[in-house]
Every structure is written in structure tokens, then in C-alpha cells.
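Undergrad: Pasting in a structure now, in C-alpha cells, and then I'll have a few things to ask.
Number of protein chains: 2
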Amino acid sequence: MQQATNTVQFSLDDILNFETRFRASFINALGAYKTPVLIGTCDSYKNTNLAIFNSQIHIGANPPLVGLIVRPDSVERHTLQNILDTKSYTINHITPAIYKQAHQTSARYAKNQSEFNEVGLTPEYKEGIIAPFVKESTIKIALDFVEKIDLTINGTILVIGKVNFVSLPKSSLHQDGFVDLVAAESIASVGLDAYYTANNINRLSYAKPDKPAQEINSNLID
Amino acid sequence: MQQATNTVQFSLDDILNFETRFRASFINALGAYKTPVLIGTCDSYKNTNLAIFNSQIHIGANPPLVGLIVRPDSVERHTLQNILDTKSYTINHITPAIYKQAHQTSARYAKNQSEFNEVGLTPEYKEGIIAPFVKESTIKIALDFVEKIDLTINGTILVIGKVNFVSLPKSSLHQDGFVDLVAAESIASVGLDAYYTANNINRLSYAKPDKPAQEINSNLID
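Going down the list, the protein sequences come from chains L and U. Following my numbering, the numbering of the first sequence begins with 141 at its first residue and continues without gaps. Following my numbering, the numbering of the second sequence begins with 141 at its first residue and continues without gaps.
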């Protein structure tokens, strides 16, 4: 580790020599603000599972595709197995009212325990969708499993799903398609255990070479 | 579109029938809070390039691996080509002081224009690292290109790099490895154009089945 006046610097060797938990905390936090979400699934016998993930990633808008990085040696393996078995899963945003329950789903409950029961959240179903939603969430998304890509470099798995249903508060949807996550009370996270609310600075106009981006306003849907 | 009292709901068909820009804005925003970062690269002739990305993803901590989703039909293609040519790139966090310049790097500048010059940010070099950092950034990370995975489903590309250098404010690093991004003034973003600051709610302890997660405090490094 090198220290300039107010700066600390680390090489790859420094990082590889970090104590394991320090390194996990450090590298996860550098990954920066994420959106923690609750992934709802069930197995072939309709036993429900709920797990917090912070590895959601936008893959594309047309068709609407969402990626999720899954670590197979963790509690996340139940979620992955259910997705592969039923091809159905839900993404549920987390609000300050339920963030402690959401975090608690990361405990290593036994396969026959449902995290819904254990942490006190309510499964909610919609006709035609196998996986359970979280009733207490404001933004709820259902996905169909599309593809699984093995990242051989470290054994993690990229799961890609196609959005087939979205429910969100009317008060969060703008006329241009923008979704105001502050209005929806969605929280953000950093690293493995830190949770945040957000304050909007501004929206900026589409950038063009010949003029600086402007602050823009948009209106809610009617 | 269905409306319950305060909720709007969309099916896949609804989403596929959205106007193109509405859909892009909607699906990107549902992807939720991201961390916009500036990716610094140069070509084989040392011509610099700087581009804003919001698709950074944590792949693993040991070794420290970071993923980036790249859309090859966009201004991002210059960044991708430079990464493939030089194997070197930097990730630079964005603060409120530079978010407008950062956003402006998404304009379609010609290949012979450097976004550093065009938007008014300063390239900074470190011995042994080819790609330029952004001097004005508080958290700066250098990576070596490791692997490129083509996501054939929609033509996007997952670029994986290994962290080989990190510089961050001393006032943001905690004794357990946690990095306080609020202290580092890193901003978050939603969708394609909305920028946010964050407020910490809490950190929560490692979750165990037999006891509820507790709020935790940690101290800065000495």
C-alpha cells in the first residue's frame, strides 16, 4: 500500500495479499452502487424461495433482457436451480420498509425453509406466472429464463432472462418511459451490506458533439 | 397497459409495442441504480478516449474481476477497440463536480477527437499503465483485459478485466475493506440520463438463520 497525502493506492499484489473478507468487501464496494433486488422463485413442487441479489445487469431493451450473475457455491444455488427447473423468476425492488428482511434472506436457510416465511415477507402470485412476487415490493418484474452462460474464469454464471411482466407505481412512470426510482422508494446498495436512499441531482439531455448537455424535466404519465 | 388503483402493469407484448426510445428509457431505468463510470483508454498511437458506461458488474474478488457490457453499434466501439488493442483500461468514478462533462462524453465525437479535450477533463498517467486515468476522479482503477464473451442473443459483449491498480481517498476506506462511496463523492445513475447522490441508511451484519441482521458500524483506516 502506498499513501500519497490523502490517497491510498494498491497494486494487484497488495489486493491478492489482502485478508479474504477484507478483499471481498473492498472489491465488492469498488463495484460501486448497485440495486439490491429480491429474486423470487419456486421449485417444481411450488416450494418458494427468496434471495437478495445485487448483480442485476441491463443486457438490452428490445427484446427486454436482464442478466444476473450467480455464484453457484453460495445460497444463490437454490435460486439458480429453481430458475433452471421452472424457467420462471421475479425481480422485486427493495424499499426502506423491508430492507432488513431483504438482507436477512441471505442467511443459509435449509432447502425446506422458505425465506418468505423466515423473514416475514408475503408471496404474491399472478395468473400465468409460476414464480412468486414479493407483495411488499413497489416494482415487480417477471422473467422467463432464456440462457445461461458459464464464466469459466471463476465459475460464476450469467443468467439471462426476458422480461414478460412489469408492475410499478403509477407515480413513478414518466411520459418518456423514465422510471423515477426515488418515487418508487427503491433503495441502492454498496458492497455486501450497505444500503442507501438516493437524491436526484438532474436528468441530462441526449449528448451531441456540438452542444453541452442540458438539464431536462419530464412529466409523469396522465 | 392495465391500471390498478395506483399501479400500472405491462405485459411483454405491451413492452414490445412501446415506441423505441420510450422502451429504451423504461427498461434501462428498471435496471435500476447503477454506477456511471468513465472508461479511459488509448489506441496504439496513444490517442486517448474517454466514455461513460453504466454497465460495470462485479464478477469476483479473488482474483479481482470486473465485467463491462459493451454495445458494439454505439460510441462504445472506440473503447472496445482500444481495450482489445492495448489490453489496458481504467475505471474512474464520477463526482457531482464532473457529472456534466462525464455525460457529455457520450456524444458521437469523431475518432480523431479526444473526449478528454472536448469535455474538459484531464488525462493522468501512472508508470506501467498504458490507459489514461481521469485526474478529477476520486476513485481510479486500472484493469488488464482478460476475456471477451459475445452475448449472441443481442450482439452485446461482456468484457472481463482484472484489477491491477486502485487509488482511492484515504477518507473513504474502512478497516474491514468497505469503501464509503458517499465519502468518495461517487454518484449513482438510473437509466440513460438521471444522476443521483446517495444517503447511507445502514450497514447490516452478516445474516445467519438463527438471528436477525444487526446494524453495524465500522471505522476508517488509521
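Note that CB positions come from ideal geometry on N, CA and C, so glycine has one too.
Could you tell me whether the segment 241-260 of chain U touches the segment 181-198 of chain U, where touching means 3 or more Cβ pairs closer than 8 Å?
TA: A contact exists between the segment 241-260 of chain U and the segment 181-198 of chain U.
Undergrad: Under 9 Å, do L/SER312 and L/ILE269 count as touching if we go by C-beta distance?
TA: No, they are not a contact pair.
Undergrad: Residues in its own chain within less than 7 Å of U/ALA169 by CB, not counting five upstream and five downstream?
TA: The answer, listed in chain order, is VAL330, GLY331.
Undergrad: Using alpha carbons as the reference points, say which of L/PRO309, L/SER358, L/ILE300, L/LYS251 lies closest to L/PRO203.
TA: Ranking the options by Cα distance to L/PRO203, first place goes to L/ILE300.
Undergrad: From this set, U/VAL303, U/LEU360, U/TYR249, U/LEU291, which residue's C-alpha is nearest U/PRO212's C-alpha?
TA: Taking only the C-alpha atoms, the option nearest U/PRO212 is U/LEU291.
Undergrad: Is there at least one Cβ from chain U nearer than 9 Å to L/LEU261's Cβ?
TA: No, L/LEU261 does not count as interfacial toward chain U.
Undergrad: Using 8 Å as the Cβ pair cut-off and three pairs as the minimum, do the segment 330-349 of chain U and the segment 337-348 of chain L touch?
TA: In short, these stretches touch, since the Cβ pair count reaches three.
Undergrad: Does the separation of the CB atoms of L/LEU298 and U/LEU205 fall below 9 Å?
TA: Contact: no.
Undergrad: Does U/ASN202 have its Cβ less than 9 Å from a Cβ in chain L?
TA: Taking Cβ atoms only, chain L reaches closer than 9 Å to U/ASN202, which makes this a yes.
Undergrad: Assign L/THR219 to one of three DSSP states: helix, strand, or coil.
TA: Three-state DSSP puts L/THR219 in a helix.
Undergrad: Quick check: what's the CA-CA separation for L/ARG161 versus L/LYS251?
TA: Going from the Cα of L/ARG161 to the Cα of L/LYS251 covers about 26 Å.
Undergrad: If you check the beta carbons only, do L/ILE279 and L/ASN232 fall under 9 Å apart?
TA: Cβ atoms of L/ILE279 and L/ASN232: closer than 9 Å.
Undergrad: Let's test the definition: count the other Cβ atoms within 10 Å of the Cβ of U/LYS174 and tell me whether it reaches 16, buried, or not, exposed.
TA: U/LYS174 is buried by the Cβ-count criterion.
Undergrad: Residues of chain L with CB closer than 7 Å to the CB of U/SER195, please, in chain order.
TA: Under the 7 Å cutoff, chain L gives ILE197, HIS198.
Undergrad: If contacts are defined as beta-carbon pairs under 8 Å, then L/GLN363 and U/ALA172 qualify, I think. What distance do you get, rounded to the angstrom?
TA: The question about residue 363 of chain L has no answer here: the residues shown for chain L are numbered 141 through 362.
Undergrad: When you compare the CB of U/ARG217 with every CB in chain L, is at least one pair closer than 9 Å?
TA: Taking Cβ atoms only, chain L never reaches closer than 9 Å to U/ARG217, which makes this a no.
Undergrad: Going by C-alpha distance, which of U/ASN304, U/ALA201, U/ALA282, U/ILE179 is nearest U/GLU255?
TA: The shortest Cα separation from U/GLU255 among U/ASN304, U/ALA201, U/ALA282, U/ILE179 belongs to U/ILE179.
Undergrad: Please list the terminal residues of the continuous beta strand (DSSP E) segment that includes L/ILE155.
TA: Where L/ILE155 is concerned, there is no enclosing beta strand (DSSP E), although the alpha helix (DSSP H) it sits in stretches over 152-157.
Undergrad: Based on the DSSP secondary-structure assignment, which residues constitute the bridge partners of U/LEU205?
TA: Answer by DSSP bridge pairing, in chain order: U/GLY200, U/LYS302.
Undergrad: Between L/PHE273, L/PRO349, L/LEU152, which lies nearest to U/VAL259 when the distance is taken from Cα to Cα?
TA: The option with the nearest alpha carbon to U/VAL259 is L/PRO349.
Undergrad: Just the C-alpha distance for U/ILE356 and U/ALA347, rounded to the nearest angstrom, thanks.
TA: About 12 Å.
Undergrad: What in chain C is Cβ-close to U/VAL286, meaning under 8 Å?
TA: This model lacks chain C altogether; the protein chains it does include are L and U.
Undergrad: Note down the Cα distance separating L/VAL303 from L/ASP284, rounded to an integer number of angstroms.
TA: So the alpha carbons of these two residues sit roughly 7 Å apart.
Undergrad: Hey, quick one: how far does the alpha helix (DSSP H) through L/LYS240 stretch, first residue to last?
TA: Element bounds for L/LYS240: 239-244.
Undergrad: Give the residues of chain U in contact with L/LEU205, contact being defined as C-beta atoms less than 8 Å apart.
TA: Correct list: ILE293, ASN294.
Undergrad: Return helix, strand or coil for L/ASP371, following the three-state DSSP convention.
TA: Missing from the structure shown is residue 371 of chain L; chain L here goes from 141 to 362 and no further.
Undergrad: Using a Cβ-Cβ cutoff of less than 7 Å, which residues in the same chain neighbour U/ILE223 once the five nearest sequence positions on both sides are dropped?
TA: Here the set comprises THR181, TYR229, PHE285, VAL299.
Undergrad: Can you give the Cα-Cα distance for U/ALA201 and U/THR145, rounded to whole angstroms?
TA: Whole-angstrom Cα-Cα distance: 45 Å.
Undergrad: Would U/LYS302 count as contacting chain L if we go by Cβ distances under 9 Å?
TA: Output row for U/LYS302: interface = yes.
Undergrad: Going by C-alpha distance, which of L/PRO236, L/GLN253, L/ALA237, L/ASN194 is nearest L/HIS218?
TA: For L/HIS218, the nearest C-alpha among the options comes from L/GLN253.
Undergrad: Counting only runs of 3+ residues fully inside the segment 262-304 of chain U, write out the beta strand (DSSP E) ranges in chain order.
TA: Here the runs fully enclosed are 263-266, 269-274, 280-291.
Undergrad: Helix, strand or coil for L/LYS351 per DSSP?
TA: Note: L/LYS351 maps to strand in three-state DSSP.
Undergrad: Could you name the residues of the same chain whose beta carbon sits closer than 7 Å to that of U/GLY295, not counting the 5 residues immediately before and after it, in chain order?
TA: Within the same chain, U/GLY295 has close Cβ partners PRO212.
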